[in-house]
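Student:
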Amino acid sequence: MRVLDMMEAAVRPFQSRPEHQGGPNEPAFPTPLDASWWSQEWLAPPDQILVDAIDAGAKTVIVAPSKARKSFCLLQFCLAVAAGRDKFLAWDIPMPRRVLLVQLEITPTHFHGRLCRMMRGLGIKPEELGDRLHILNGRGARITIATFSRITEIAKSLGAEVVVIDPIYKLIVGDENKAEDVKPLLEMFDRLATDSGAAVVYAHHTGKGMAGDKQAIDRAVGSGVLARDFDTQISLVSHQTEGLIVCEQIARSYPPKPPFTIRWENEQGCFILCDDRPVIMTSSNRNRSGFNGTPVSDDELIELCGKAVLPAEVYLERITKQGLSVRAARTARQRLFHEG
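In the working numbering, the protein residues as written are 2 to 341.
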């Protein structure tokens with residue numbers, strides 16, 4: 002008798018009970034599995050959309066301060082995945098995917114301009130996308146939790162493997178700080194992921210104050226249920242150097258990914274990777290009044306300076322890129338000079 006047959010025989014008595022059937026609009030109640038049998042059954046590995054970050058059927062949230070170009074980041078993600086590019090920023094893309102982007106905030110005319118500009122900046126031609134990226138312009142369409150089932154139907158009809166919702170505050174009815182007002186939306190995301198099999202990716206914003214003062218998992222505004230109901234969180238937070246952004250990833254099922262730095266390239270209309278050390282701006286370092294991030298040793302300072310004499314401006318630029326403030330860099334320079 003196959004292991005799977007044994008498992009089905011074990012759960013059949015439970016499935017016959019009314020409480021395990023579920024209503025016409027409710028999923029069937031899960032049945033217990035015998036671990037000794039289940040451990041012998043082969044399960045396919047996760048279908049990764051982004052390697053070690055986003056799986057098909059999982060939920061991912063992009064968290065960033067207001068006006069930090071979350072929507073641009075999501076659009077760039079959609080284009081890279083649909084076109085089958087090797088990478089999206091620092092994440093590997095195994096294969097091209099069918100993507101549905103539901104944007105609820107921008108007028109179609111402006112979003113069209115944003116799309117075309119970013120495609121040019123990334124060097125993506127229409128034929129590279131094929132029919133794998135669909136955009137649902139939902140501004141003014143009154144898409145709510147009550148009508149959200151239409152999104153699931155559209156995603157299934159398109160064969161979408163990724164569904165992106167931007168932003169979710171448009172869908173919340175009530176107070177985002179109250180768990181009872183947020184739970185219906187999260188349940189809809191669960192239903193969308195389960196019924197369509199697609200990865201669900203959505204945008205949310207940080208609370209008031211400096212985001213860098215909080216741990217990454219605590220930056221999302223609103224109920225703790227909303228802030229933690231994800232499989233992966235990608236956080237965009239201000240770098241200590243103006244104009245740069247630090248990306249951090251928290252994943253439920255994958256090991257930590259080292260943070261990295263990106264910047265917005267206005268001429269290209271997209272984000273690009275930077276070599277700068279990922280030093281997050283906090284209240285203590287925003288005025289460059291002390292050490293920031295990982296201290297730099299004397300040997301590292303000397304190596305950065307090299308053997309040639311450097312102009313002060315070049316020295317300060319090199320040092321501050323390594324996570325030291327201007328004041329700390331000048332202090333280190335004076336100390337090393339004094340010590341010969």
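Where is the CB? At the ideal position from N, CA and C, for every residue including glycine.
Quantities reported herein were computed from a predicted structural model and do not represent experimental measurements.
Just how far apart, CA to CA, sit Phe112 and Ile166?
Tutor: Translated into the one-based positions of the sequence shown, residue 112 becomes position 111. Translated into the one-based positions of the sequence shown, residue 166 becomes position 165. Answer to the nearest angstrom: the Cα atoms are 15 Å apart.
Student: So, are the CB atoms of Phe272 and Thr61 less than 8 Å apart?
Tutor: Here residue 272 corresponds to residue number 271 of the sequence shown, with the count starting at 1. Here residue 61 corresponds to residue number 60 of the sequence shown, with the count starting at 1. Going by C-beta atoms, Phe272 is not nearer than 8 Å to Thr61.
Student: On the DSSP bridge assignment, give the partners of Gln234 in chain order.
Tutor: Position 233 of the sequence shown, counted from the first residue, corresponds to residue 234. BP columns for Gln234 point to Val62 and Ile251.
Student: Could you work out which residue in Arg319, Ala161, Thr153 and His206 is closest to Ile63 when comparing CA atoms only?
Tutor: Along the sequence shown, read from residue 1 onward, the residue named residue 63 stands at position 62. Closest by alpha carbon: His206.
Student: For the alpha helix (DSSP H) containing Trp38, list its first residue and its last residue.
Tutor: As a position in the sequence shown, residue 38 is number 37, starting the count at 1. Ala36 to Trp39 is the span of the alpha helix (DSSP H), which, as asked, contains Trp38.
Student: Kindly indicate the opening and closing residues of the beta strand (DSSP E) around Lys258.
Tutor: Translated into the one-based positions of the sequence shown, residue 258 becomes position 257. Per DSSP, Lys258 belongs to the beta strand (DSSP E) from Lys258 to Glu266.
Student: From this set, Glu129, Val103, Ile125 and Gly114, which residue's C-alpha is nearest His1's C-alpha?
Tutor: Any answer about residue 1 is impossible in this case: the structure gives the chain only from 2 up to 341.
Student: Can you say whether Ala333 is buried or exposed, counting buried as having 16 or more other CB atoms within 10 angstroms of its CB?
Tutor: The residue you call residue 333 lines up with position 332 of the sequence shown. By the neighbour-count rule (16 or more Cβ atoms within 10 Å), Ala333 is buried.
Student: Given a cut-off of 8 Å on the beta-carbon distance, is the pair Ala204 and Ala54 in contact?
Tutor: On the sequence shown, residue 204 is found 203 positions in, with the first residue counted as 1. On the sequence shown, residue 54 is found 53 positions in, with the first residue counted as 1. Result no, Cβ atoms of Ala204 and Ala54 do not sit closer than 8 Å.
Student: Measure the Cβ-Cβ separation of Ile34 and Asp93 and say whether it is below 8 Å.
Tutor: Residue mapping note: residue 34 aligns to position 33 of the sequence shown, counting from 1. Residue mapping note: residue 93 aligns to position 92 of the sequence shown, counting from 1. The question names Ile, yet the displayed sequence has Leu at residue 34. No, the pair does not count as a contact, with Cβ atoms beyond the cut-off.
Student: So for Lys171, helix, strand or coil by DSSP?
Tutor: The sequence position of residue 171 within the sequence shown is 170, counting from 1. Of the three classes helix, strand and coil, the one that applies to Lys171 here is coil, per DSSP.
Student: For a test of the three-state rule: what should DSSP assign to Leu75, helix, strand or coil?
Tutor: For the purposes of this step, residue 75 is taken as the residue at position 74 of the sequence shown. In the structure shown, Leu75 sits in a helix (DSSP, three-state: H, G or I).
Student: For the alpha helix (DSSP H) holding Ile152, just list the boundary residues, first then last.
Tutor: In the sequence shown, residue 152 corresponds to position 151, counting from 1. Residues Ser150 to Leu159.
Student: Tell me the rounded alpha-carbon separation between Thr153 and Ile146.
Tutor: Along the sequence shown, read from residue 1 onward, the residue named residue 153 stands at position 152. Along the sequence shown, read from residue 1 onward, the residue named residue 146 stands at position 145. Cα-Cα distance, rounded: 12 Å.
Student: Which of the three DSSP states, helix, strand or coil, is assigned to Ile303?
Tutor: Within the sequence shown, residue 303 is the residue found at index 302, counting from 1. Reduced to three states, the DSSP call for Ile303 is helix.
Student: Taking just the CA atoms, how far does Lys126 sit from Trp43?
Tutor: Numbered from 1 along the sequence shown, position 42 holds the residue referred to as residue 43. Numbered from 1 along the sequence shown, position 125 holds the residue referred to as residue 126. If I take the Cα positions, the gap works out to 40 Å.
Student: Decide if Lys71 is buried, meaning its Cβ has at least 16 other Cβ atoms within 10 Å, or exposed.
Tutor: Against the sequence shown, residue 71 aligns to sequence position 70. Label assigned to Lys71: buried.
Student: What residue range is occupied by the uninterrupted beta strand (DSSP E) comprising Ala91?
Tutor: The residue you call residue 91 lines up with position 90 of the sequence shown. From DSSP, Ala91 is part of no beta strand (DSSP E); its letter is neither H nor E.
Student: Roughly how many angstroms separate the alpha carbons of Gly141 and Glu129, rounded to a whole number?
Tutor: By one-based count along the sequence shown, residue 141 stands at place 140. By one-based count along the sequence shown, residue 129 stands at place 128. Between Gly141 and Glu129, the C-alpha separation is close to 31 Å.
Student: Return yes when the Cβ of Ala59 is within less than 8 Å of the Cβ of Thr233, no when it is not.
Tutor: Your numbering for residue 233 matches position 232 in the sequence shown. Your numbering for residue 59 matches position 58 in the sequence shown. Yes, they are a contact pair.
Student: Look up Leu51 in the DSSP assignment and say whether it is helix, strand or coil.
Tutor: Your numbering for residue 51 matches position 50 in the sequence shown. Of the three classes helix, strand and coil, the one that applies to Leu51 here is strand, per DSSP.
Student: Can you tell me where the beta strand (DSSP E) holding Phe30 begins and where it ends?
Tutor: Numbered from 1 along the sequence shown, position 29 holds the residue referred to as residue 30. No beta strand (DSSP E) holds Phe30; DSSP gives it neither H nor E.
Student: What first and last residue would you give for the alpha helix (DSSP H) that runs through His111?
Tutor: On the sequence shown, residue 111 is found 110 positions in, with the first residue counted as 1. Here the alpha helix (DSSP H) through His111 covers Pro109 to Leu123.
Student: In terms of alpha-carbon separation, which member of Phe149, Ile235 and Phe78 lies closest to Val163?
Tutor: Counting from 1 along the sequence shown, the entry for residue 163 is found at position 162. When each option's Cα is compared against that of Val163, the closest is Phe78.
Student: Any idea what DSSP makes of Gln241, helix, strand or coil?
Tutor: Locating residue 241 in the sequence shown gives position 240, counting from the first residue. The answer is coil: DSSP assigns Gln241 none of H, G, I, E or B.
Student: Quick check on Cys248: buried or exposed, where buried means 16 or more other Cβ atoms within 10 Å of its Cβ?
Tutor: Taking the first residue of the sequence shown as position 1, residue 248 is located at position 247. Counting Cβ neighbours within 10 Å, Cys248 comes out buried, since at least 16 surround it.
Student: Can you name, in chain order, every residue of its own chain whose Cβ lies under 8 Å from the Cβ of Ala156, other than the five neighbours on each side?
Tutor: To locate residue 156, count along the sequence shown from 1; it is residue 155. Correct list, in chain order: Leu101, Val164, Leu193, Ser197 and Ala199.
Student: Per DSSP, what kind of secondary structure is Glu20 in: helix, strand or coil?
Tutor: Stepping through the sequence shown from its first residue, residue 20 is reached at position 19. Interpretation of Glu20 is limited by its pLDDT of 48, a score under 50 that renders its predicted location unreliable; the figure taken from the coordinates is listed afterwards. Helix.
Student: Which residue comes first and which comes last in the beta strand (DSSP E) that contains Leu137?
Tutor: Taking the sequence shown and counting its residues from 1, the one referred to as residue 137 is at position 136. Leu134 to Asn138 is the extent of the beta strand (DSSP E) around Leu137.
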